[in-house]
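>
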Amino acid sequence: MSGQLGDVTVSDQRGGTTTWTASVISTAFTPTAGPADPASNISYAAGPLTGSATVVATAVNASDLTGVSTVVTGASTGISTVTWDPTISVIVPADYAPGVYTATITHSVA
Amino acid sequence: MVAAIAVPANPAGATQTSQAKKAPGGIGIRLVAVPTSLTSNPLARLYIIDHLAPGTTALRQVEVSNSTRATADVAVYAAGASLGRAGFTFAAGRVQDQLSSWTSTSRDVLRLQPGTDALETVTLRVPKDASSGEKYAVVWAQVSSASSAHRGLLLVNRVGIRMYVSIGLGGTPPPSFTVGRLAAKRSATGAPLIVVTVQNSGEGPLDISGGLTLSDGPGGMRGGPYPVTLGPALAPGQSELATAVLSKQVPDGPWKAAISLVSGPTVRSATATLTFPGTV
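If you're matching them up, the sequences are chains A and B in order.
Residue 138 is where the first sequence starts when you use our numbering, and the numbers rise one by one after that.
Residue 3 is where the second sequence starts when you use our numbering, and the numbers rise one by one after that.
(1) Excluding the 5 residues preceding and the 5 following residue 229(A) in the sequence, name in chain order all residues of the same chain whose CB lies nearer than 7 Å to its CB.
(2) When you compare each of 59(B), 233(B), 214(B), 218(B) to residue 248(B) by their alpha carbons, which one comes out closest?
(3) When you compare the CB positions of residue 245(A) and residue 164(B), do they come within less than 7 Å of one another, or not?
(4) Please state whether DSSP places residue 178(A) in a helix, a strand or coil.
(5) Closer than 8 Å is the cut-off here; do at least three beta carbon pairs connect the stretch 180-191 of chain B with the stretch 255-270 of chain B?
(6) Please list the segments of the beta strand (DSSP E) lying wholly inside the stretch 91-159 of chain B, counting only runs of 3 or more residues, in order along the chain.
(7) Helix, strand or coil for residue 46(B), going by three-state DSSP, please let me know.
(8) Going straight from the alpha carbon of residue 235(A) to that of residue 148(A), what length do you get?
(9) Below 8 Å on C-beta distance, what does residue 28(B) contact in chain A?
(10) Give the straight-line distance between the Cα atoms of residue 73(B) and residue 150(A), rounded to the nearest whole angstrom.
(11) Rounding to the nearest angstrom, what Cα-Cα distance links residue 220(B) and residue 176(B) in this structure?
(12) Does the count of Cβ pairs from the stretch 42-49 of chain B and the stretch 89-99 of chain B closer than 8 Å reach three?
(13) Let me see if you follow: with CB-CB separation under 7 Å, is residue 82(B) close to chain A or not?
(14) Between the C-alpha atoms of residue 30(B) and residue 253(B), what's the straight-line distance to the nearest angstrom?
(15) With distances taken Cα to Cα, identify the nearest neighbour of residue 90(B) among 139(B), 125(B), 171(B), 107(B).
(16) Using CA coordinates, which residue listed in 199(B), 259(B), 224(B) is at the minimum distance from residue 233(B)?
(17) Should the stretch 81-90 of chain B be called in touch with the stretch 116-133 of chain B, which here means at least 3 C-beta pairs below 8 Å?
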């Protein structure tokens, strides 16, 4: 199953020649009872990047969010903004019980 | 002196994306002031960069901002980072390294009303027994919120200022690097490229920018300057390939190529006479 997380925007107000890295990590999807679906079954695709003319942004898909994974990098030549609406895909093993699974997905930009 | 990167406080966004197409608000962090001893280093405007002796303390002010329409509780903390083949990478969550464990913020959480900002002091206390060398960390401003689109999903967003701090005695060593021999190549798509190996021979990280010009070409043609691209920051001892991508219309040559690379006060240049390999 997959879904879109909603817009993520990086606005780089530093000016001049700058670079940044955006990375993502996830916990397992954990139900109230029964086995959790590990973060290794979770993938991330940034999809199309829209941004200002002053930035070159590159997306890298991640197929395992167990560790901190770089998903978008940006190189700016001035104040810039980049936006994307990532798609999260979760492989759910066939014998898993239906219900609400909770997880935390963290974006880091620096 | 503006150095901020902002990420939305709540990127899950039915509410945000349905708003008018104005720039969404977010949580931002920027360095407020740079010590005068470091103003010649362009990296010092972007990152917390310093050269400190064991047993000393350094202070920095950062401004944390909330440009969203909601009150935000922003956690401010330092966590680990590393610089390697994959570039500058962040430790997960609040996992610490040496430098981040020496770094503290005056408050753990800032409650920021919509459209406000607050100053925060970052204190770096280097222990007397600290080992020398280059250390990395990040000072993060972090918010979390439940996803409005997906039940059960907690979204954490953090934006940070990288720290590059070298520990040792003596003054700040100037950046130093060597530039190898220029080589003419052609990319998979047929674009002419000029590549050169750059090695960081100094003690601090480099932030190199530069340009390449062509002269004495066929019929006396000239070209450039073309931007030279490198990775974000090159750690001491590491080398990487700097590349200038030229237009496909550039004739094969021969050309006199001149490259000039700058990191802070240090400038290196190299020239060569080159001919691009023919297109297949």
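Yeah, the Cβ is synthetic: ideal placement off N, Cα and C, and Gly gets one too.
Based on what the coordinates show:
(1) Against the first sequence, residue 229(A) aligns to sequence position 92. Closer than 7 Å at Cβ, skipping near neighbours: 138, 174.
(2) Counting from one through the second sequence, the residue named residue 248(B) turns up at place 246. Of the listed residues, the one whose Cα sits closest to residue 248(B) is 214(B).
(3) Sequence index remark: in the first sequence, residue 245(A) carries index 108 (1-based). Sequence index remark: in the second sequence, residue 164(B) carries index 162 (1-based). No, the pair does not count as a contact, with Cβ atoms beyond the cut-off.
(4) By one-based count along the first sequence, residue 178(A) stands at place 41. DSSP places residue 178(A) in helix when its eight states are reduced to three.
(5) Cβ pair count under 8 Å is three or more, so yes.
(6) Runs of the beta strand (DSSP E) spanning 3 or more residues and lying entirely within the stretch 91-159 of chain B occur at 105-107, 111-114, 118-127, 135-148, in chain order.
(7) By one-based count along the second sequence, residue 46(B) stands at place 44. Collapsing the DSSP output to three states places residue 46(B) in a helix.
(8) For the purposes of this step, residue 235(A) is identified with residue 98 of the first sequence, where counting begins at 1. For the purposes of this step, residue 148(A) is identified with residue 11 of the first sequence, where counting begins at 1. Taking the straight line joining both Cα atoms gives about 38 Å.
(9) Residue 28(B) sits at position 26 when you count from the first residue of the second sequence. When 8 Å is used as the limit between beta carbons, residue 28(B) is near these residues of chain A: 146, 148, in chain order.
(10) One-based indexing of the second sequence puts residue 73(B) at position 71. One-based indexing of the first sequence puts residue 150(A) at position 13. Roughly 22 Å separates the two Cα atoms.
(11) Taking the second sequence and counting its residues from 1, one reaches residue 220(B) at position 218. Taking the second sequence and counting its residues from 1, one reaches residue 176(B) at position 174. When only Cα atoms are considered, residue 220(B) and residue 176(B) end up about 40 Å apart.
(12) At 8 Å Cβ cutoff, the stretches do not touch.
(13) In the second sequence, residue 82(B) corresponds to position 80, counting from 1. Not a single CB atom of chain A sits nearer than 7 Å to the CB of residue 82(B).
(14) As a first step, residue 30(B) must be located in the second sequence, where it is residue number 28. As a first step, residue 253(B) must be located in the second sequence, where it is residue number 251. Between residue 30(B) and residue 253(B), the C-alpha separation is close to 47 Å.
(15) The residue given as residue 90(B) occupies position 88 in the second sequence. Measuring from the Cα of residue 90(B), the nearest candidate turns out to be 139(B).
(16) Counted from its first residue, the second sequence places residue 233(B) at position 231. Of all alpha-carbon atoms in 199(B), 259(B), 224(B), the one lying nearest the alpha-carbon of residue 233(B) is that of 199(B).
(17) For the pair of segments examined, the stretch 81-90 of chain B was found not to touch the stretch 116-133 of chain B: the number of CB pairs separated by less than 8 Å stays below three.
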